[in-house]
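Going line by line, the protein sequences match chains A and B. Here this note's numbering is used: the first residue of the first sequence is 1, the next is one more, and so on. Here this note's numbering is used: the first residue of the second sequence is 295, the next is one more, and so on. Remarks on the structure that follows.
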Amino acid sequence: MSDWKEIIDPELLSTFTGDVTVGLDLGSRTGKGVLLAGGKLYTAITPTGVYMQETADKLLDRLLKQSKVAREDIAYIVGTGYGRVALSFGEIRHKIVTEISCHAMGSHYLNAKVRSIVDIGGQDSKAIRVDPTTGKVIEFIMNDKCAAGTGRFLEKVAHLLDLTLEQLGAEALSADAPADVSSQCVVFAESEVISLKAKGVSAANIAAGIHLATARRVRNLVNRIGLEPDLVFSGGVSNNPGMTKALEELLGHPISKVKLDTIYAGALGAAIFAQKAASRSDSDLNDFALLNTK
Amino acid sequence: MSTILTSEAQEQLNHIRHSRDVVHAYSPAIQKLFNLVIDYVDDAEKAGQGGKKVIWAGVPWAMPLIYSTGAIPVAFSELGRISGQEAITISEDHYQMPAETCSMVKATAGEWYLRKQAGSSITRIFGSSSACEPYNLAWEVMKKEGFDVYTSDVVYRAPGVEGGRYEELVQYFVDEIREFNEWLTGTREIDKDSLHLEITRKNYLMRRIREIMDLRLNHPFYVKSLGIMYLLNGLTHYFGKPEEYTEVLDSLVEELSLLEANEADRRRAIPLIWTGGSGQEFGIYDAIDNAGGALLGFVSSPYAKDYNEDIDPVESLARFQLESQMAGASIYRRHVIEQQIDKIGARGLILYGYLGCSFGSVTREMYREYFHNKGIPSINLEGTFQVGPPSGQILTRIRAFIEMLS
């Protein structure tokens, strides 16, 4: 639990309302939740279970216990992430928003100057450009063709090196000569890692090489949309120091420091969308009318 | 034979039935349309069994000519809807087509194999060569499989081709049309009166489509995405039943004309343009509808301009093709996209293509960059030709794209 003032960019604090809202980000590997109430921000995290609704309910229960907020006091819930589709919260008003919009909005509220986001999740990675005046997405690109450049790729490699995912990132930081991992394909990279191990290359150097290979993939996404500072790194892989280092090295630009673990950026964005939706009666309408009838 | 559906294709059929019976329960015209879709291949098979001339045809320009001879064309595009993973497996394993081959080619070839095994009455295939190298491979495979395959050459109109060179292309294409007629009927002589009638019919139907597209601007959600896609697909082949398809368009014009303009829907709609082939993963259309996107512009079947009814009908057929957005260079299609953007106030483009189609992927990149520089965002979707549910990531991208535009 933290005060909003300690986390949210001061420029945007005034846009928060008194509504109690919840954002639930159900990723492919972990579910994250953020509850906003009474000037405080609460977070919860849990591995994603088989049934998304159960994961969502578990996150919500934890948030309510922490905050001592009554369920009936929740004004609005926004669900996001891979498992958002099936969410239902009975009498509580709710809707779904994509994780792309939520990561953009969450990152915007953590740093109002943010213009570029790298979001690496368990299943895919994205590069997003953000409008710094609204927090809305201007452009995005998503790697959804294979596991290269995703948390799943790193998880696979960690297993091959007998490391946990957390250890993999830390191990990479102690590398003295990162291995050259040329393949961007998970299947081929697996063979490459086994081959490097057989040659006696250290786990640290293999880990660093793998992070650089993954970061190259992400760099290609960022290049497609154009990198403009400030840059925020969000998603499940964002608290991996090895990946942060590799990205900064390849992108040639520092990743902005914010005051919340950016694994929660999507859930925070969802909670902020929930604030906006709670205060709008016409939240489903677009501010647009067709131009012509002929 | 009746259509044998894999479980994936059965799912797509359920999707169409749901769209007919639930989503469009208010529209008798769209219900008729979906009945045509569902019965198209089965009824063509029955017609073939009854002695009618029925051919597989994947060449849009040829449809008026095919109808003028009394034959029934069955469009390749419908094979996607009734095809599943089994067809792909046959192409990759039995025919040894590389996995990277265009999913449309693999699905069609595999489906033809399956249908032949099941005793299909449709054993003749008309395709176009040169346009697509993977299909050239498929034609050869199908010939060996015992199909009577005929391919005509396409005419590519490069930018700047005018004057004498243009007239040469027209003449070359006229010769191609006559040769196709010979394969189809046994003679190069074309029944011009009959072709003229078909051209007149086509002009009438294109005018009707234009009316519908204009009326939809006041009712952007009356015909949902899957419905409008099939309405436009039908403009190419009429689902083998020209009179019934005409009735669909006539009655839809009437339905839309009787409605008051729906201001709430007009405010809510995010006008979008769809370019590229028809997506066979119907969940994509649902995702667009559910996010508030309205497909109000299309760049696939040409319908903006009439055939010339005052000249020789064979020449008219050739000139229509050479002057349309399908003439070859992608710049012609780009012009149509630009016109559509202005007409509907489009907020974004959906650039759709099939997995493995390298031609399409290059064109999509060219469009993306061109329109991005003009301030029109786009999303590049790559789907499979055989049916199946779209991946969660594709649905996320569609929804995020529309959220971005809202």
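Backbone N, C-alpha and C define an ideal beta-carbon position, used for all residues, glycine too.
(message) Please state the DSSP three-state secondary structure of Gly297 of chain A.
(response) Residue 297 of chain A is absent from the model: chain A starts at 1 and stops at 294.
(message) Considering just the uninterrupted stretch of the beta strand (DSSP E) at Lys32 of chain A, what are its terminal residues?
(response) 30 to 37
(message) If I follow the unbroken alpha helix (DSSP H) through Leu525 of chain B, where does it start and stop?
(response) 519 to 531
(request) Provide the residue span of the alpha helix (DSSP H) that contains Ile120 of chain A, from first to last. (result) Note, Ile120 of chain A: premise wrong, no alpha helix (DSSP H); beta strand (DSSP E) at 116 to 120.
(request) Compare the C-beta of Thr293 of chain A against all C-beta atoms of chain B and say whether one is closer than 9 Å. (result) Note that Thr293 of chain A has pLDDT 32, beneath the 50 cutoff, so the model's placement of it is unreliable and no number is given.
(message) Which residues does DSSP list as the beta-bridge partners of Phe592 of chain B?
(response) B:Trp568
(message) I need the straight-line Cα distance from Ile522 of chain B to His318 of chain B, nearest angstrom please.
(response) 12 Å
(message) Rounding to the nearest angstrom, what Cα-Cα distance links Leu649 of chain B and Thr134 of chain A in this structure?
(response) 35 Å
(message) With the cut-off set at 9 Å, would you say Lys136 of chain A and Pro229 of chain A are in Cβ contact?
(response) no
(message) I'd like the list of long-range same chain contacts for Leu491 of chain B, defined as Cβ closer than 8 Å, with 5 residues on each side in sequence excluded.
(response) Ser362
(message) Against chain B, which members of the stretch 127 to 141 of chain A pass a CB distance test of less than 8 Å?
(response) Lys136, Val137, Ile138, Glu139, Phe140
(request) Classify Ser624 of chain B as buried or exposed, calling it buried when 16 or more other Cβ atoms lie within 10 Å of its own Cβ. (result) buried
(message) For a quick check, are the C-beta atoms of Lys346 of chain B and Gly364 of chain B less than 9 Å apart?
(response) yes
(request) For His666 of chain B, count neighbouring Cβ atoms within 10 angstroms of its own Cβ and tell me buried if that reaches 16, exposed if not. (result) exposed
(message) Does His318 of chain B come out as helix, strand or coil in the three-state DSSP assignment?
(response) coil
(request) Report yes or no: is there a C-beta of chain B within less than 9 Å of the C-beta of Asp180 of chain A? (result) no
(message) Tell me the DSSP secondary structure of Val193 of chain A in three-state form.
(response) helix
(request) Express the C-alpha separation of Asn584 of chain B and Gly18 of chain A in angstroms, rounding to a whole number. (result) 30 Å
(request) With DSSP collapsed to three states, give me the class of Met391 of chain B. (result) coil
(request) Run through the stretch 531 to 564 of chain B for me and flag every whole beta strand (DSSP E) of 3 or more residues, listed as ranges in chain order. (result) none
(request) Decide if Tyr51 of chain A is buried, meaning its Cβ has at least 16 other Cβ atoms within 10 Å, or exposed. (result) exposed
(message) Considering only the alpha carbon of each residue, which of A:Ile141, A:Ala215, A:Ser125 lies closest to Gly235 of chain A?
(response) A:Ser125
(message) As a quick exercise: from B:Cys651, B:Arg693, B:Glu405, pick the residue whose alpha carbon is nearest that of Gly587 of chain B.
(response) B:Arg693
(request) Could you tell me which residues DSSP puts in a beta bridge with Lys40 of chain A? (result) A:Asp3, A:Ala37
(request) Output the boundary residues of the alpha helix (DSSP H) element that contains Leu307 of chain B. (result) 301 to 312
(message) Looking at Gln680 of chain B: is its Cβ nearer than 9 Å to the Cβ of Glu434 of chain B?
(response) no
(request) With Pro684 of chain B as the anchor, note down where its alpha helix (DSSP H) starts and where it stops. (result) Pro684 of chain B -> no alpha helix (DSSP H), and no H or E assigned at all.
(message) Distance cutoff 9 Å, beta carbons only. Does Thr21 of chain A sit that close to anything in chain B?
(response) no
(message) Using 8 Å as the cut-off, can you tell me whether the stretch 562 to 581 of chain B makes contact with the stretch 629 to 645 of chain B, which would need three or more C-beta pairs spanning the two stretches below that distance?
(response) yes
(message) Let me check understanding here. Comparing Cα to Cα, which of A:Val237, A:Gly23, A:Ala179, A:Leu160 lies closest to Thr43 of chain A?
(response) A:Gly23
(message) Measuring straight from C-alpha to C-alpha, what distance separates Leu299 of chain B and Ile376 of chain B?
(response) 6 Å
(message) Closer than 8 Å is the cut-off here; do at least three beta carbon pairs connect the stretch 314 to 331 of chain B with the stretch 534 to 554 of chain B?
(response) yes
(request) Answer with buried or exposed for Ile194 of chain A, where buried requires no fewer than 16 other C-beta atoms within 10 angstroms of its C-beta. (result) exposed
(message) Would Ile493 of chain B and Pro358 of chain B qualify as a contact pair, given that the criterion is a beta-carbon distance under 9 Å?
(response) yes
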